[in-house]
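Under UniProt numbering, the first residue of the sequence shown is numbered 1, with each subsequent residue one higher. Structure first, commentary second.
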Amino acid sequence: MGENTQELADHGLCSHPRKLLSCSLFALFTLSLIYFIFYSSPSSFASYADLFDQFKTQRATKNTSLPPPLAWLQCDYSDGKWVWDDSVTGPRYDSENCDMKSTEKCVVNGKPDKGYLHWRWQPAGCNLTALDPAGFLRLVRGKRLAFVGDSTARNQAEALVCYLSTVARPETAHRYEERLGRKFWRWVFPAPHGVSVSTYWSPLLVRAEGHSEDYAMTQEAVVLDALTEPWTADADAMDVVVVSAGHWFPRPAMYYEDGEVVGVYSRPDLNKTDIGYLGPYRKVLRRTLEYISANSTGDTLVAVATIAPGHFDPGRSWNHRDACSRTKPYEAVEAEVAAADAEMRKVVLEEVAAAAAAAGRRRRGVRFEALDVTRLATLRPDGHPGPYLFAHAYDRRPVPETVANDCLHWCAPGLVDTFNDILAKMIVAGG
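Below you can see the structure in the form of structure tokens.
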């Protein structure tokens with residue numbers, strides 16, 4: 001969910017006062033957008049027009065050297081290019097009757113350009129075939145799949161369930177919704193499959209408290225040593241775990257550990273040491289992986305997704321109808337991974353490698369992999385819903401110049417299916 005700016009006391013990416021303010025505003029906008037896109041009425045977007053103008057230049061900082069992935073010796077799926085696939089005749093699946101957020105249903109919602117459905121990710125040194133739904137259900141027969149984190153985890157899970165629904169109809173076994181949306185969802189593909197897919201809403205993976213009623217202002221107390229339920233309660237019953245969280249970390253926060261304040265991020269109103277958010281992100285991710293490793297009771301695959309950035313046009317306001325109207329992927333020379341995204345990606349790669357090494361030493365049946373999607377997602381500004389958030393909202397009439405946009409999440413079907421194609425290869429590689 002979104003672009004990120006970040007700061008570590010020892011890196012100084014946002015340590016300068018001016019950069020600190022800019023980073024803070026950008027993080028605030030991202031969280032506000034996430035909330036209002038998924039949980040509010042279209043009219044709620046209007047109050048954020050002025051705020052967005054302050055972060056249009058945030059993604060100008062580029063990263064010139066991405067480290068290689070620390071997993072996937074068989075094939076580096078993170079490096080490649082998008083190629084046009086003439087064999088594609090239409091969407092992989094019909095999302096109209098799928099159990100997913102309506103804002104992801106770009107075809108149903110009338111997004112006029114369908115080209116985004118025809119691009120295929122071609123890794124540099126191998127081929128990535130599309131997930132076969134029938135074959136996938138055979139592969140994971142009797143297993144429990146869990147997607148833990150923010151709305152990017154939900155986005156990916158819903159796309160997978162929708163695709164699998166083309167060969168077997170799932171039952172919705174559990175729903176837990178609040179004003180803020182789907183907190184816990186579980187689909188079950190009954191016999192002969194015996195497969196369940198669950199989503200666990202936990203955007204910071206740990207407990208966080210304190211926000212305004214409408215989530216327009218968030219200055220949360222983040223408890224770094226308190227992992228959240230219900231995902232922790234089910235950790236011993238997960239066979240495949242996708243952890244996708246990160247977009248909620250670049251926000252004003254006060255961090256607690258062992259009942260004490262250990263630092264803040266972007267809280268100049270407090271006389272506390274600003275430690276940035278990258279360190280807390282690393283600490284939370286490490287504890288999450290350690291917890292899963294310690295509580296797993298069998299062979300478990302843990303895939304940690306790297307950040308997948310959004311694509312707001314820096315030359316337009318966020319609520320302009322053309323905020324993300326590009327209809328083709330970027331060429332490699334047109335877009336580099338932003339430095340902030342590269343830093344968060346690096347954290348994931350390092351922590352996954354460390355968790356894998358520790359699991360190997362302890363001879364535990366847990367396999368850790370990085371679902372490294374940062375580069376391939378960076379190149380796809382065409383893959384977002386944009387203003388097409390509601391069914392047939394603009395049939396036979398033009399899109400208003402000022403409109404709510406989602407340039408953060410992914411159309412389904414669309415690019416998000418590539419995430420699941422890679423996940424399937426990870427599962428196959430583990431036998």
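Quick reminder that beta carbons are idealized off the backbone N, C-alpha and C, glycines included.
Pick from the options that is closest to residue i, judged by C-alpha positions
i, options, result
"residue 113", "414, 425 and 238", "414"
"residue 390", "208, 101 and 97", "101"
"residue 450", "115, 366, 343 and 128", "Examination of residue 450 is not possible in this model, given that the chain is present from 1 through 431 alone."
"residue 339", "367, 132, 119 and 307", "307"
"residue 234", "224, 296 and 262", "296"
"residue 224", "232, 208 and 333", "208"
"residue 183", "76, 142 and 228", "228"
"residue 88", "111, 79 and 117", "117"
"residue 333", "80, 357, 76 and 139", "80"
"residue 430", "368, 142, 252 and 237", "368"
"residue 370", "139, 425, 82 and 279", "425"
"residue 402", "329, 135, 317 and 78", "317"
"residue 329", "372, 384, 144 and 363", "384"
"residue 126", "349, 78 and 94", "78"
"residue 457", "313, 260, 335 and 350", "Outside the modelled stretch of the chain, which goes from 1 to 431, sits residue 457, for which no answer is possible."
"residue 350", "372, 335, 362 and 363", "372"
"residue 374", "362, 419, 355 and 361", "419"
"residue 202", "150, 82 and 189", "150"
"residue 189", "210, 133 and 312", "133"
"residue 404", "341, 335, 326 and 322", "322"
"residue 139", "341, 342, 239 and 327", "239"
Short Cβ contact (7 Å threshold) for residue i with residue j
i, j, result
"residue 406", "residue 103", "yes"
"residue 411", "residue 106", "yes"
"residue 281", "residue 347", "yes"
"residue 249", "residue 277", "yes"
"residue 241", "residue 146", "yes"
"residue 205", "residue 288", "yes"
"residue 293", "residue 191", "no"
"residue 148", "residue 243", "yes"
"residue 121", "residue 128", "yes"
"residue 381", "residue 399", "no"
"residue 137", "residue 197", "no"
"residue 168", "residue 193", "yes"
"residue 315", "residue 408", "no"
"residue 144", "residue 237", "yes"
"residue 142", "residue 394", "no"
Beta-carbon separation (whole angstroms), residue i vs residue j, contact threshold 8 Å
i, j, result
"residue 417", "residue 163", "7 Å"
"residue 200", "residue 230", "6 Å"
"residue 298", "residue 365", "6 Å"
"residue 352", "residue 304", "5 Å"
"residue 172", "residue 99", "6 Å"
"residue 124", "residue 76", "7 Å"
Residue i burial status per 10 Å Cβ neighbour count (16 or more: buried)
i, result
"residue 187", "buried"
"residue 270", "exposed"
"residue 155", "buried"
"residue 258", "exposed"
"residue 320", "buried"
"residue 90", "exposed"
"residue 337", "buried"
"residue 273", "exposed"
"residue 57", "Note that residue 57 scores a pLDDT of 35, beneath 50, so its modelled location is shaky and nothing firm can be said."
"residue 97", "exposed"
"residue 378", "buried"
"residue 174", "exposed"
"residue 84", "exposed"
"residue 69", "Note that residue 69 scores a pLDDT of 47, beneath 50, so its modelled location is shaky and nothing firm can be said."
"residue 52", "With a pLDDT of only 40 at residue 52, under the threshold of 50, the placement of this residue in the model should not be trusted, and no figure is reported."
"residue 331", "exposed"
"residue 34", "Interpretation of residue 34 is limited by its pLDDT of 46, a score under 50 that renders its predicted location unreliable; the figure taken from the coordinates is listed afterwards. Burial call: buried."
"residue 392", "exposed"
"residue 252", "buried"
"residue 263", "buried"
"residue 268", "exposed"
"residue 279", "buried"
"residue 397", "exposed"
"residue 362", "exposed"
"residue 355", "buried"
"residue 157", "buried"
Those residues which DSSP pairs with residue i across a bridge
i, result
"residue 100", "DSSP, once it has assigned bridges, lists no residue as partnering residue 100."
"residue 301", "240 and 367"
"residue 265", "253"
"residue 81", "122"
"residue 186", "174 and 198"
"residue 145", "197 and 240"
"residue 223", "207 and 256"
"residue 113", "According to DSSP, residue 113 bridges with nothing at all."
"residue 320", "402"
"residue 274", "264"
"residue 386", "406"
Residue i Cβ short of 6 Å to the ligand NAP heavy atom set
i, result
"residue 116", "For the structure depicted, the ligand NAP is absent and the ligand set is empty, with no information on it obtainable."
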